[in-house]
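Residue numbers (my numbering), protein chains in the order written: chain A, 1 to 66; chain B, 1001 to 1178.
Where is the CB? At the ideal position from N, CA and C, for every residue including glycine.
Here the structure is a predicted model, which means the values were calculated and not measured.
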Amino acid sequence: MSRSPRIAPPPNAGNDPVSGSVLAHQPEALAAFTQLYGTLWSRGVLDHSTKELARLRNARVTDCGY
Amino acid sequence: MSWLPRAKNEAAAHPATELDAVFGHRPDLYRDYRDFHALFWERPLVDPVLLELCRLRIAALVGCESELGIRYQGTLDAGLTESKIAALDHWHDDARFSERERAVLAFAELFVRDPHAITDGDARAVVHELGDAGTVAFVEALALFDGFARFRVMLGVERTTDAVRAAALPVVGDASSY
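Below is the structure:
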């Protein structure tokens, strides 16, 4: 497992951890994903603490340090 | 039939598919999901045949019968055949699969089974075939296919018929409804 980025963000992507990441290579997909993720987090019926617990547990199970 | 009750909101009053009936509980989330999903089939972000091979291979690995029952017309129009789809279970040993297809299928299998097992060589092979931007789109598509195949399995979204019919792009849903 590599610990260094396999793809660099595009030039001038900025410093935002999401929009400045490799996802900036696909702006349309990034926008659609951001919309989906925003709805999931901000307009949901499940409380935030439950979602955050699930997210962090999933990150640990998959060993995602990001 | 899913173990969830069918959504009762207006948008899901006449669901075309079982996925509609289940995801209809969250119409705004379903709309955003469909928009995100459609992007990969409407736009030439990645060769749709490569995506379709990986989508179906992931569905098989996850054991998602409802995903396995879906076909996208554009991929059939592009030459993807049912015999080749049937060969996906043993693609490693089948000469019909090109080097390009092997690179993305190997990556997709590891993505599902153990993403930490993906080597720099595996990644380089995909970047070589798809480029940086194409690889980003490809991995996003894998996340979508893997995550929502599991979503369907967990919520019991079943394949409602054995008939496989072709869907016009970018329709999302069960093959039974097309």
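Check whether chain A comes within 8 Å of residue i, counting only Cβ atoms and requiring the distance to be less than that.
i: residue 1050/B; result: no
i: residue 1036/B; result: yes
i: residue 1115/B; result: yes
i: residue 1032/B; result: yes
i: residue 1043/B; result: yes
i: residue 1004/B; result: no
i: residue 1123/B; result: yes
i: residue 1110/B; result: no
i: residue 1028/B; result: yes
i: residue 1019/B; result: no
i: residue 1155/B; result: no
Can you find the residues in the same chain that come closer than 7 Å, C-beta to C-beta, to residue i, ignoring five residues on each side of it along the sequence?
i: residue 1007/B; result: 1021, 1024, 1025
i: residue 1130/B; result: 1046, 1138
i: residue 54/A; result: none
i: residue 1150/B; result: 1062
i: residue 23/A; result: 30
Within a Cβ cutoff of 6 Å, which residues of the same chain sit near residue i, ignoring the five residues on either side of it in sequence?
i: residue 1075/B; result: 1048, 1049, 1052
i: residue 1163/B; result: Confidence is the limiting factor: at residue 1163/B the pLDDT is only 38, short of 50, which leaves the residue's position unreliable and the question unanswerable from this model.
i: residue 6/A; result: none
i: residue 1134/B; result: 1046
How far does the alpha helix (DSSP H) with residue i in it extend, from its first residue to its last?
i: residue 1030/B; result: 1027 to 1042
i: residue 26/A; result: Premise fails: residue 26/A is in no alpha helix (DSSP H) and is neither H nor E.
i: residue 1130/B; result: 1120 to 1154
i: residue 1048/B; result: 1048 to 1062
i: residue 63/A; result: Neither: residue 63/A is in no alpha helix (DSSP H) and is coded neither H nor E.
i: residue 1083/B; result: 1082 to 1086
i: residue 1020/B; result: 1018 to 1023
Can you pull the DSSP bridge partners for residue i?
i: residue 1100/B; result: In DSSP, residue 1100/B forms no bridge with anything.
Leaving out five residues on either side along the sequence, give the residues of the same chain with a beta carbon under 8 Å from the beta carbon of residue i.
i: residue 20/A; result: 9, 13, 14
i: residue 48/A; result: 41
Nearest chain B C-beta to residue i closer than 8 Å, yes or no?
i: residue 6/A; result: yes
i: residue 50/A; result: no
i: residue 63/A; result: yes
i: residue 43/A; result: yes
Q.
For the region 1050 to 1083 of chain B, list every residue whose C-beta sits within 9 Å of some C-beta in chain A, in sequence order.
A. None of the residues of the region 1050 to 1083 of chain B has a beta carbon lying less than 9 Å from any beta carbon of chain A.
Q | Contact list for the region 6 to 39 of chain A against chain B, Cβ threshold 7 Å | A | Legend: CB atoms of the region 6 to 39 of chain A lying less than 7 Å from CB atoms of chain B belong to residues 6, 7, 22, 23, 25, 26, 28, 29, 32, 33, 35, 36, 39.
Q. Using Cβ-Cβ distances below 8 Å, what residues of the region 1127 to 1147 of chain B are close to chain A?
A. Those residues of the region 1127 to 1147 of chain B that come within reach of chain A (Cβ to Cβ, closer than 8 Å) are 1127, 1132, 1133, 1135, 1136, 1137, 1140.
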